[in-house]
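Peer 1: Heads up: the sequence shown begins at 21 in our numbering, then just goes up one per residue. Ideal Cβ placement from N, Cα and C applies to all residues, glycine included. One structure is given below, represented as structure tokens, and several questions about it will come after.
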Amino acid sequence: MTAARDSNGGQSKQVVVALGSVDEELVRPILGDGYELVTNPTDADLSIAVGALVRGNVTVSRATFDTMPNLRVLARTGVGTERVDLAAATERGIPVVITPGSNTRAVAEGALAMMLALTKSLAELDAVVREGRWSDRESVPVGDVDGSTVGIVGYGRIGQRLSELLVTLGAEVIAFDPVAVVPDSMRCATLADLLGRSNIVSLHVPLLESTRHMINAAALNSMPIGAILVNCGRGPLVDLDAALVALESGQLGGIALDVFDDEPPTPHALFQHPRTLLTPHVMGLSRKSAAQTYIDAARGIRLVLDGGTAHATANDV
Numbered sequence: 021m022t023a024a025r026d027s028n029g030g031q032s033k034q035v036v037v038a039l040g041s042v043d044e045e046l047v048r049p050i051l052g053d054g055y056e057l058v059t060n061p062t063d064a065d066l067s068i069a070v071g072a073l074v075r076g077n078v079t080v081s082r083a084t085f086d087t088m089p090n091l092r093v094l095a096r097t098g099v100g101t102e103r104v105d106l107a108a109a110t111e112r113g114i115p116v117v118i119t120p121g122s123n124t125r126a127v128a129e130g131a132l133a134m135m136l137a138l139t140k141s142l143a144e145l146d147a148v149v150r151e152g153r154w155s156d157r158e159s160v161p162v163g164d165v166d167g168s169t170v171g172i173v174g175y176g177r178i179g180q181r182l183s184e185l186l187v188t189l190g191a192e193v194i195a196f197d198p199v200a201v202v203p204d205s206m207r208c209a210t211l212a213d214l215l216g217r218s219n220i221v222s223l224h225v226p227l228l229e230s231t232r233h234m235i236n237a238a239a240l241n242s243m244p245i246g247a248i249l250v251n252c253g254r255g256p257l258v259d260l261d262a263a264l265v266a267l268e269s270g271q272l273g274g275i276a277l278d279v280f281d282d283e284p285p286t287p288h289a290l291f292q293h294p295r296t297l298l299t300p301h302v303m304g305l306s307r308k309s310a311a312q313t314y315i316d317a318a319r320g321i322r323l324v325l326d327g328g329t330a331h332a333t334a335n336d337v
């Protein structure tokens, strides 16, 4: 096994590198005494690393893997792997550990918060008070989630948790997922069926070629006039140009985005629209969920390095 060497030339701890910022106080105890966590690794550190803990905003290309010839496991915080070359990892026999469930509740709460903020016109009403325009309060629409039909696209862990929260608020929840099992009482056979019935739509599907720009001009025009769209899934699920046209025409009543095509995003005219709510991909990064993500990723690394199998991986190795 490859290991770091102490000042006397003897073997010491094996190296696990952090690619991106991680919570060292959480990770180090889980890795244990036999492993050294190296933040801000040098080329020399990478060359002897047996494990890597990677933040979601870090790209791990084939060239990156080439710099880590001794790597045995890579753990990604979260579940998205668009920035990881899975083919390169698989060719090298490197399992890519993911952490499903660690931020489920945080993302679901975030999506709900975005729905409520747009439905209740919180930003506009805040401005009414701050700018001394009290008389304008009745001109700002204040809607209800209670009684609305909310369509959830993607009924995995996050979609299911969001459904639970919405039901307690009195919403009628429907869902579409071509893979996951959806209860018959809320299942939509097609995306078009869901969009046509939903006052609010929330996206929670992975980015695949089949889901890229799944919300395009045709999809937006099939929604009820004034519907609200929330995307806490992946940025490219939504065609922003089409969304801007729908906002300007009133077809779309509001859009909330926590994810973008590129992060940080390239400026877009949609960002300036008053019925747009934007957050910098943080709905899954509450204090509690971020801590759990680091813990689960570190546990996955330790399991593999100790000869076991991680609970969840993005590739078959």
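Would the region 146-160 count as touching the region 130-137 if we require 3 or more Cβ pairs under 8 Å?
Peer 2: With the cut-off at 8 Å, the region 146-160 and the region 130-137 do not touch.
Peer 1: Quickly, what does DSSP pair V245 with across the bridge? List them, please.
Peer 2: Here residue 245 turns out to be Ile, not Val, going by the sequence shown. In DSSP, I245 forms no bridge with anything.
Peer 1: Is D316 near S122, with beta carbons less than 8 Å apart?
Peer 2: Contact flag set, yes.
Peer 1: Apply the 10 Å Cβ neighbour rule to G76 and answer buried if 16 or more other Cβ atoms are within range, or exposed otherwise.
Peer 2: It counts as buried.
Peer 1: Could you check where the alpha helix (DSSP H) with T296 kicks off and where it finishes?
Peer 2: Note, T296: premise wrong, no alpha helix (DSSP H); beta strand (DSSP E) at T296 to L298.
Peer 1: Where A247 and V99 are concerned, what is the direct C-alpha to C-alpha distance, given to the nearest angstrom?
Peer 2: For A247 and V99, the distance between alpha carbons rounds to 29 Å.
Peer 1: Could you give the first and the last residue of the continuous beta strand (DSSP E) run that contains Q34?
Peer 2: Looking at the DSSP string, the run of the beta strand (DSSP E) that includes Q34 is Q34 to L39.
Peer 1: Quick one: grab the DSSP three-state call for T22.
Peer 2: The predicted model places T22 with a pLDDT of 49, which falls under 50 and marks its position as unreliable; any figure quoted below should be read in that light. Note: T22 maps to coil in three-state DSSP.
Peer 1: Output needed for S41: all residues of its chain with C-beta closer than 6 Å, excluding positions within five of it in sequence on either side, in chain order.
Peer 2: Excluding sequence neighbours, S41 sits near nothing in its chain.
Peer 1: Who are E144's beta bridge partners in DSSP?
Peer 2: According to DSSP, which records beta bridges pairwise, E144 is partnered with nothing at all.
Peer 1: At what residues does the alpha helix (DSSP H) containing G130 begin and finish?
Peer 2: Element bounds for G130: T124 to T139.
Peer 1: Count the CB pairs spanning the region 203-213 and the region 255-271 that are closer than 8 Å, and state whether there are at least three.
Peer 2: The region 203-213, when compared against the region 255-271, does not touch it at the 8 Å Cβ threshold.
Peer 1: What's the gap between the Cα of S242 and the Cα of Q271?
Peer 2: When rounded, the distance between both Cα atoms is 9 Å.
Peer 1: In the DSSP output, what is L223 paired with across the bridge?
Peer 2: L223 pairs with V173 and N251.
Peer 1: Specify the secondary structure class of I118 as computed by DSSP and reduced to three states.
Peer 2: Correct three-state label for I118: coil.
Peer 1: Within the continuous alpha helix (DSSP H) that includes F85, where are the two ends?
Peer 2: Residues R82 to D86.
Peer 1: Should A38 be counted as a contact of the ligand ATP given a C-beta to heavy atom distance under 7 Å?
Peer 2: Within the structure as shown, the ligand ATP is missing, as the structure has no ligands at all.
Peer 1: Taking only three categories from DSSP, how would you classify I50?
Peer 2: I50 falls in the helix class under three-state DSSP.
Peer 1: Under three-state DSSP, which class holds T286?
Peer 2: Three-state result, T286: coil.
Peer 1: Taking one C-beta from the region 174-182 and one from the region 209-219 each time, how about it: are there three or more such pairs within less than 8 Å?
Peer 2: With a cut-off of 8 Å, the region 209-219 and the region 174-182 do not count as touching, because too few Cβ pairs lie within range.
Peer 1: CB N335 to CB T110, shorter than 8 Å?
Peer 2: Yes, they are a contact pair.
Peer 1: Give me, in chain order, the residues of the same chain whose beta-carbon lies closer than 6 Å to that of T59; leave out the 5 immediate sequence neighbours on both sides.
Peer 2: Closer than 6 Å at the Cβ level, and outside the excluded window around T59, lie A38.
Peer 1: Compute the Euclidean distance between the alpha carbons of R181 and E129, then round it to the nearest angstrom.
Peer 2: Between R181 and E129, the C-alpha separation is close to 9 Å.
Peer 1: Report the option in T84, E56 and G113 whose CA atom is closest to the CA atom of R92.
Peer 2: The residue with the shortest Cα to Cα distance from R92 is G113.
Peer 1: Please classify T329: does DSSP put it in a helix, a strand, or coil?
Peer 2: Coil at T329, not helix or strand.
Peer 1: Which residue spans inside the region 189-241 form an unbroken alpha helix (DSSP H) run of at least 4?
Peer 2: Those alpha helix (DSSP H) runs which fall completely within the region 189-241 and span 4+ residues are 211-217 and 237-241.
Peer 1: For G71 and E229, what's the separation of their Cα atoms in angstroms?
Peer 2: The alpha-carbon atoms of G71 and E229 are separated by roughly 30 Å.
Peer 1: Since V70 is in the beta strand (DSSP E), which residue starts that stretch and which ends it?
Peer 2: First-last of the beta strand (DSSP E) with V70: A69 to V74.
Peer 1: Does DSSP classify S27 as helix, strand or coil?
Peer 2: Confidence at S27 is low in this model, with a pLDDT of 45, below 50, so its placement is unreliable and no value can be given for it.
Peer 1: Tell me the DSSP bridge mates of Y314?
Peer 2: Y314 pairs with nothing; no bridge assigned.
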